[in-house]
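Q: Read in order, the letters of the sequence shown correspond to residues 72 to 598 in our numbering.
Positions of the beta carbon are idealized from the N, C-alpha and C atoms, including for glycine.
It should be emphasised that the depicted structure is a prediction, and the values quoted were computed from it without experimental measurement.
The following block contains the structure, expressed as structure tokens.
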Amino acid sequence: MSEKAKQSYYLGSWSQSITCREMIFGMGGVITLGGLSMLTSCSNDGSSGSGGVIGGALVGVMTQQIPSSLDPITNAQGAALNAAGPCHDWLEYVAINGDLYPSLAESVDQPDPQTINYTIHSGVKFQNGESVNAQAIADLVGWIQNKDNGAWLNSRFEGVKAVVVDELILRLELPKPDVAFRFAVTRLPIVAVSTLADQALTPSGCGPYLFKEWVQGSYIEYTKDPNYREADKIDLDSVRMEHFNDSNAGTQAFLAGGKNWVYPTSLSQSKDLSARAKSGEIGYMPLEPGVCYLINNCKSGPTANPLVRKAIRLALDRQAMVDGPFNGLSRPLFSMLKPESSFYVKDLEYKRDIDQAKALMAEAGMADGFSEKIYTPNVDYFIGLSTIMKDNLAAINIDITVEIEETAAVIDRMFSRKEFNMVVLGDALSPDVSELHEYYLRSTGGRNCGFYANDKVDALLDEGLREVDAKKSYEIYKQVQMISLLEDTGFIPLVAEVLPAAFKGTNYAEFMGGFIQYIIWPEAALN
Numbered sequence: 072m073s074e075k076a077k078q079s080y081y082l083g084s085w086s087q088s089i090t091c092r093e094m095i096f097g098m099g100g101v102i103t104l105g106g107l108s109m110l111t112s113c114s115n116d117g118s119s120g121s122g123g124v125i126g127g128a129l130v131g132v133m134t135q136q137i138p139s140s141l142d143p144i145t146n147a148q149g150a151a152l153n154a155a156g157p158c159h160d161w162l163e164y165v166a167i168n169g170d171l172y173p174s175l176a177e178s179v180d181q182p183d184p185q186t187i188n189y190t191i192h193s194g195v196k197f198q199n200g201e202s203v204n205a206q207a208i209a210d211l212v213g214w215i216q217n218k219d220n221g222a223w224l225n226s227r228f229e230g231v232k233a234v235v236v237d238e239l240i241l242r243l244e245l246p247k248p249d250v251a252f253r254f255a256v257t258r259l260p261i262v263a264v265s266t267l268a269d270q271a272l273t274p275s276g277c278g279p280y281l282f283k284e285w286v287q288g289s290y291i292e293y294t295k296d297p298n299y300r301e302a303d304k305i306d307l308d309s310v311r312m313e314h315f316n317d318s319n320a321g322t323q324a325f326l327a328g329g330k331n332w333v334y335p336t337s338l339s340q341s342k343d344l345s346a347r348a349k350s351g352e353i354g355y356m357p358l359e360p361g362v363c364y365l366i367n368n369c370k371s372g373p374t375a376n377p378l379v380r381k382a383i384r385l386a387l388d389r390q391a392m393v394d395g396p397f398n399g400l401s402r403p404l405f406s407m408l409k410p411e412s413s414f415y416v417k418d419l420e421y422k423r424d425i426d427q428a429k430a431l432m433a434e435a436g437m438a439d440g441f442s443e444k445i446y447t448p449n450v451d452y453f454i455g456l457s458t459i460m461k462d463n464l465a466a467i468n469i470d471i472t473v474e475i476e477e478t479a480a481v482i483d484r485m486f487s488r489k490e491f492n493m494v495v496l497g498d499a500l501s502p503d504v505s506e507l508h509e510y511y512l513r514s515t516g517g518r519n520c521g522f523y524a525n526d527k528v529d530a531l532l533d534e535g536l537r538e539v540d541a542k543k544s545y546e547i548y549k550q551v552q553m554i555s556l557l558e559d560t561g562f563i564p565l566v567a568e569v570l571p572a573a574f575k576g577t578n579y580a581e582f583m584g585g586f587i588q589y590i591i592w593p594e595a596a597l598n
């Protein structure tokens, strides 16, 4: 592994950007490609991705994340964005250390918390031949804001005005101060509105690779786009991702040869993969990009009572979840942030306490307990987490039935139909302190499927989006977490979602990105 890859790996695995807000405003609000080399460890330096093999096909294995659609605009699943990623580009990327750097945007100017100016590279075309300019992006924002279109970022863009300053300058005017909004924009692939009806089956954007073929449940394939704006920097002729529902089978396919990477690898094979990595046979990274969580319905059923939710929280054995489903690779989480973050609140940590949990159940008038279902995706570690929770909650007389559904069905149940009282899932950890709190804890949040509502938390979140100073932000988000994660227990973090990767013959460590949704395809190469 190169020194660049090693630096990227350690930053991406164990740190989060701690001064992004101060950096954005403290440098006069302007970030350009030339200045970014000081700020991020993975910005493109103009050389080929590996300095090695030019051409050839990169073949990877994606396990568990089987896309049901290739449209990342209307589908919030990481599987959709991973599968469609090679044909897409963004105004900005999130670097592996949590900093932002321009991509389609030549520069970004944020003079205040309610205004963002994007200057777009000239001469860029969508893959259908249309121009990538300020008007095209403004049209895309307008499409997202139409609730009838079902864009998953709809609530995040509510009230935003997209102003075309000139052909290549787009100004976003926010309805209220929001220092984290640029991170939301990094979730949006830039596509032509005229192609949106076809994205689910034939994705296209303005990225480095052209969609070639998708055999659902089997593989997806791309070829290099000769008209990409930086085509001379793309090393590969083609990219192919093979899909395996089972991580054990996918890992074995990788080890059998002919594949350059597999993500995520089998957790049960972690010791064998570690040994192979030590011998130099493969590269192996036990990445920690996400958080596994339990959400209870705060509006109906027994879990509408906050005393019951607190009892459930106190009854859970996180260490058993680490040792069992994650084979010791994970660690307990008590927050939506990693402990290394400067926004992490140590006071959120607590020990399992069955006696206190029983007392809370009695105070809620439910000492005899109740019966309930936990819905879980058909993924081995989520099933394992739910099984442990079933055993844990039996100690406070809650009789759990584990209901296993396909991941897409669980997501539909959670975020579309909102038909559950208890559900377990995971989400990507964010480089910005506000993002997951906005999605899950704001009463109108786009992923607030548990109907959590607290006026004080909403007011604190508003205050947090206005605040640039890191110390003041810490105090604001400390209050948010102490109320919503402990006092009200509107969201229960469980353990880190560790998703290991193995690779060989490629610079995977340099292009896989620091967060689950971000694969930096222009950096991909063979070596």
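Run through the DSSP bridge pairs and tell me what Asn367 is partnered with.
A: Beta-bridge pairing links Asn367 to Met493.
Q: Can you tell me where the alpha helix (DSSP H) with Met392 in it begins and where it stops?
A: Unbroken alpha helix (DSSP H) run through Met392: 389-394.
Q: Quick test of your reading: Thr560 and Lys381, contact by CB under 8 Å. State the CB separation rounded to the nearest angstrom.
A: Going by Cβ atoms, the distance from Thr560 to Lys381 rounds to 5 Å, so yes, they are a contact pair.
Q: Count Cβ pairs between the segment 498-505 and the segment 528-547 that sit closer than 8 Å; are there 3 or more?
A: A contact exists between the segment 498-505 and the segment 528-547.
Q: For Pro246 versus Gly230, is the C-beta distance shorter than 8 Å?
A: Cβ atoms of Pro246 and Gly230: closer than 8 Å.
Q: Check Lys409 in the structure and name its three-state DSSP category.
A: Coil.
Q: Roughly how many angstroms separate the alpha carbons of Phe441 and Asp424, rounded to a whole number?
A: One C-alpha to the other measures close to 19 Å.
Q: Check each candidate in Phe582, Leu500, Arg513, Ala524 and name the one with the smallest Cα separation from Pro564.
A: The shortest Cα separation from Pro564 among Phe582, Leu500, Arg513, Ala524 belongs to Leu500.
Q: With respect to the beta strand (DSSP E) encompassing Leu243, which residues constitute its N-terminal and C-terminal limits?
A: Taken as a continuous stretch (DSSP letters only), the beta strand (DSSP E) holding Leu243 covers 240-244.
Q: Less than 8 Å separating the beta-carbons of Pro157 and Val310?
A: Yes, these two residues count as a Cβ contact at 8 Å.
Q: For Ser341, which three-state DSSP category applies?
A: Of the three classes helix, strand and coil, the one that applies to Ser341 here is helix, per DSSP.
Q: Could you spell out the range, first to last residue, of the alpha helix (DSSP H) harbouring Gln206?
A: 205-216 is the span of the alpha helix (DSSP H), which, as asked, contains Gln206.
Q: Just checking, does the segment 180-188 make contact with the segment 250-258 on the three C-beta pairs under 8 Å criterion?
A: Yes, the segment 180-188 touches the segment 250-258.
Q: If you reduce the DSSP assignment to three classes, tell me which class Ile309 lands in.
A: The question names Ile, but residue 309 is Ser in the sequence shown. If DSSP states are grouped into helix, strand and coil, Ser309 belongs with the strands.
Q: According to DSSP, what are the bridge partners of Asn188?
A: In the DSSP output, where bridge partners are listed per residue, Asn188 has Asp180, Arg242.
Q: Just mark Tyr579 as buried or exposed, buried being the case when its beta carbon has 16 or more other beta carbons within 10 Å.
A: Its Cβ being crowded by 16 or more others within 10 Å, Tyr579 is buried.
Q: Go through its chain and collect everything with a Cβ distance to Phe197's Cβ below 8 Å, but skip five positions before and after it.
A: Correct list, in chain order: Val203, Ala207, Val262, Ala263, Thr266, Ser275, Gly276, Cys277.
Q: In the structure shown, what three-state DSSP assignment does Ser514 receive?
A: Coil.
Q: Could you compute how far the alpha carbon of Ala348 sits from the alpha carbon of Gly399?
A: The straight-line gap from Cα to Cα measures roughly 18 Å.
Q: Just to confirm my understanding: we take Leu419, look at its own chain, exclude 5 residues before and 5 after, and list those with CB closer than 8 Å. What are they?
A: Phe405, Ser406, Gln552, Met553, Leu556, Leu557.
Q: So what's Gly351 in DSSP terms, helix, strand or just coil?
A: In the structure shown, Gly351 sits in coil (DSSP, three-state: anything other than H, G, I, E or B).
Q: Going by DSSP, which residues form a beta bridge with Thr577?
A: Beta-bridge pairing links Thr577 to Leu597.
Q: On the premise that Leu141 lies in contact with Gln270, defined as a C-beta separation below 8 Å, what is that separation, rounded to the nearest angstrom?
A: Right, their Cβ atoms sit about 6 Å apart.
Q: Using the Cβ count rule (16 or more neighbours within 10 Å means buried), how would you classify Val28?
A: Since the displayed the chain opens at 72 and closes at 598, residue 28 lies outside it and no answer follows.
Q: I believe Asn492 touches Thr374 by the beta-carbon criterion, under 8 Å. Please report the beta-carbon distance rounded to the nearest angstrom.
A: 5 Å between Cβ atoms; contact.
Q: Under 8 Å, do Ala479 and Ser139 count as touching if we go by C-beta distance?
A: Contact: yes.
Q: Which two residues bound the contiguous alpha helix (DSSP H) that contains Tyr452?
A: Here the alpha helix (DSSP H) through Tyr452 covers 451-465.
Q: Where does the unbroken beta strand (DSSP E) through Thr257 begin, and where does it stop?
A: That residue, Thr257, is in no beta strand (DSSP E); it is neither H nor E in DSSP.
Q: Whole angstroms is fine: what's the gap from Ser193's alpha carbon to Thr145's?
A: Those two C-alpha atoms are separated by around 28 Å.
Q: Is the beta carbon of His314 sitting closer than 8 Å to the one on Ile137?
A: Cβ atoms of His314 and Ile137: closer than 8 Å.
Q: Taking C-alpha atoms, which residue in Glu359, Arg300, Asp237 lies nearest to Ala205?
A: Nearest C-alpha to Ala205: Asp237.
Q: Using the C-alpha atoms, what's the distance from Glu443 back to Ser114?
A: Low confidence applies to Ser114: its pLDDT is 33, below 50, so where it sits in the model is not reliable, and the reading given next is rough at best. Straight-line Cα distance between these residues: approximately 48 Å.
Q: Going straight from the alpha carbon of Ser178 to that of Asp306, what length do you get?
A: Approximately 25 Å between the Cα atoms of the pair.
Q: Rounded to the nearest angstrom, what separates Tyr299 and Leu281 at their Cα positions?
A: Rounded to the nearest angstrom, the two C-alpha atoms are 9 Å apart.
Q: What number of angstroms, rounded off, separates the C-alpha of Ala176 from the C-alpha of Gly372?
A: Their Cα atoms are separated by approximately 48 Å.
Q: Which of the three DSSP states is assigned to Met133 in this structure?
A: Met133 falls in the strand class under three-state DSSP.
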